[in-house]
DNA sequence: TCTAATTTGGACTAATATAGTCCTATTTGA
DNA sequence: TCAAATAGGACTATATTAGTCCAAATTAGA
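Protein chains in written order, with this note's numbering: chain A, 1 to 133; chain B, 134 to 266.
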């Protein structure tokens, strides 16, 4: 839902770490060790961020990751979407599938919940990685 | 976390329903039937709201619930707290126990997460039941 | 060309949180 | 005394999140 999951938390820490490494390539192991983040989980996250063009990766010996965007171009809201999927304040606010709400007919609060959704979204859309650095 | 769980959703629907019943006592069965909410679950929610002085209950035949506060005195943020416990954008933002964050030392993003917490809290603190009626 | 360091990525398990159910009291008006 | 209601503990089921395990592919350097 709308929250900073462990994945997002780890992503923020990793991105911050990478952004502070003066263009030197950073390995998953390095981040995992200094930040005490489970290695396998972190790897998955970095791979995802690479596939989403947030990071650039170099494989093999001496490989590692580097940023592919400026920190102020990476939005928290997007990170959350990438890592945890649809960001929604309530089950019925999932865009993708309209997650067929069983209450549809009897629900009397949907429009206000939608308003809430927008307000909360805005908070997360207004934060970028640069805010965390 | 910070979201409208089913419990909160049902509470909002129920409170709206009760607020629109002109002081007539409303039974859990009545709400459950017309709003298609699982009866047992709804009962628990109403009992909780009664214990938190949001509702007044009358037991026995012809019993039921009525509001104990004006709708604009019932804050969404408080409802969430009552029904789902501590409202937090991240695990480390739980007040009660400081939920001993294993990253404590290596975490480099806590202050910004705290800022975020406050911003999101404010959204929920600025909504009352009257917004949903 | 071999080896070690590294990313890649699928499949699985464990832990936790949420949602829902079942059952038995207790209260009270008619 | 009965039926309609709230009260509430204990339990089960489901979904989500977190974390682990394993094997492959890539690449620099000895």
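Here a beta-carbon is modelled for each residue, glycine too, at the ideal position from N, C-alpha and C.
Under 8 Å by Cβ, that's how I've got residue i and residue j pegged, so tell me the actual separation to the nearest angstrom.
| i | j | result |
| --- | --- | --- |
| residue 132 of chain A | residue 242 of chain B | 5 Å |
| residue 2 of chain A | residue 88 of chain A | 7 Å |
| residue 76 of chain A | residue 65 of chain A | About 19 Å; that fails the 8 Å criterion. |
| residue 19 of chain A | residue 61 of chain A | The pair is not a contact, with the Cβ atoms about 24 Å apart (cut-off 8 Å). |
| residue 186 of chain B | residue 201 of chain B | 6 Å |
Looking only at its own chain, which residues have a Cβ that is under 7 Å from the Cβ of residue i, when we skip the five neighbours before and after it?
| i | result |
| --- | --- |
| residue 162 of chain B | 172 |
| residue 212 of chain B | 141, 144 |
| residue 116 of chain A | 89 |
Residue i touches chain A at which residues, Cβ-Cβ below 8 Å?
| i | result |
| --- | --- |
| residue 144 of chain B | What residue 144 of chain B touches in chain A: nothing, since even the nearest Cβ is about 10 Å away. |
| residue 136 of chain B | 1, 2, 3, 88, 89, 90 |
| residue 242 of chain B | 9, 12, 13, 16, 132 |
Near residue i, which residues of its chain fall below 6 Å by C-beta distance, leaving aside the five closest residues on each side in sequence?
| i | result |
| --- | --- |
| residue 50 of chain A | 57 |
| residue 14 of chain A | 31 |
| residue 101 of chain A | 92 |
| residue 26 of chain A | 18, 64, 65 |
| residue 130 of chain A | 71, 72 |
| residue 90 of chain A | 113 |
Counting C-beta neighbours from all protein chains within 10 Å, is the total for residue i 16 or more, i.e. buried, or is it exposed?
| i | result |
| --- | --- |
| residue 251 of chain B | exposed |
| residue 41 of chain A | exposed |
| residue 24 of chain A | exposed |
| residue 149 of chain B | buried |
| residue 261 of chain B | buried |
Which residues in chain B have a C-beta closer than 7 Å to the C-beta of residue i? List them in chain order.
| i | result |
| --- | --- |
| residue 14 of chain A | Ordered by position in chain B, no residue passes the 7 Å Cβ test against residue 14 of chain A, which lies about 10 Å from the chain. |
| residue 127 of chain A | 249 |
| residue 120 of chain A | 253, 256 |
| residue 103 of chain A | 169 |
I want to verify the contact list: residues of chain A whose CB lies under 9 Å from the CB of residue i, in sequence order.
| i | result |
| --- | --- |
| residue 167 of chain B | 106 |
For residue i, which residues in chain A fall below 7 Å Cβ to Cβ?
| i | result |
| --- | --- |
| residue 264 of chain B | 112 |
Near residue i, which residues of its chain fall below 8 Å by C-beta distance, leaving aside the five closest residues on each side in sequence?
| i | result |
| --- | --- |
| residue 114 of chain A | 93 |
| residue 217 of chain B | 138, 140, 141 |
| residue 107 of chain A | 92, 101 |
| residue 238 of chain B | none |
| residue 236 of chain B | 225 |
Three CB pairs or more closer than 8 Å across the region 112-125 of chain A and the region 164-172 of chain B:
These segments do not touch.
Count the C-beta pairs between the region 44-52 of chain A and the region 1-16 of chain A that are closer than 8 Å, then say yes if the count reaches three, no if not.
Cβ pair count under 8 Å is three or more, so yes.
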